[in-house]
Amino acid sequence: MEEKTITELAKELGVSRQAIYKRVNQLPTTLSPKKVDGVYKLNVDAIRFIKNSVNQIDNESDNQVDTEVDRLSQQIQDLKEDKIQLNEQLKTKDKQLETMQKLVDQQQQLLLKEQQKKSIILRRSKK
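Using the working numbering, you'd call the opening residue of the sequence shown number 515 and step up by one each time.
Put into structure tokens, the structure is as follows:
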């Protein structure tokens with residue numbers, strides 16, 4: 515591995531130059547870059563330090579993403595279970611409504627028969 519500029523290292527690692535500059539500012543003084551022809555050159559040890567720093571941040575980001583994915587997966591599972599439970603409740607309510615409708619129908623039939631009986635009795639009593 516040879517010396518690299520900040521721009522070259524940024525391209526290689528797929529990060530911005532600002533991200534590399536931030537890591538350069540965190541370098542121990544023994545690893546500080548040299549300025550050659552107005553361009554900072556990073557030596558092998560500095561490059562290794564910066565790569566480790568970027569990889570550590572990537573790993574932390576990956577862990578955060580994994581944690582969020584796990585949390586969302588659990589939330590989806592909980593919602594699916596809630597949906598199943600609510601559908602069962604709806605089925606039970608549908609059966610209750612059906613039973614209530616049958617009872618109302620029976621009550622109406624009984625009432626009609628009673629009214630017919632009263633009507634017949636009234637007609638007979640008028641004769």
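Ideal placement from N, C-alpha and C gives every residue a C-beta, glycine not left out.
One question on the structure: do Val583 and Ile564 come within less than 9 Å of each other, judged by their Cβ atoms?
No; because the gap between Cβ atoms is not below 9 Å, this pair is not in contact.
What separation, rounded to the nearest whole angstrom, lies between the Cα atoms of Ser546 and Asp576?
Cα to Cα, the separation comes out at about 29 Å.
Between Ala560 and Leu586, how many whole angstroms is the CB-CB distance? I'm expecting something under 8 Å.
Wrong, their Cβ atoms sit about 39 Å apart, outside the cutoff.
Below 9 Å between beta carbons: does that hold for Val529 and Val568?
Contact flag set, yes.
Taking the alpha helix (DSSP H) that Leu523 belongs to, which residues open and close that run?
That run of the alpha helix (DSSP H) goes Ile520 to Leu527.
Let's test the definition: count the other Cβ atoms within 10 Å of the Cβ of Ile534 and tell me whether it reaches 16, buried, or not, exposed.
Buried: at least 16 other Cβ atoms inside 10 Å.
On the DSSP letters alone, give me the boundaries of the beta strand (DSSP E) that Leu545 sits inside.
In the DSSP annotation of this structure, Leu545 is not part of any beta strand (DSSP E), being labelled neither H nor E.
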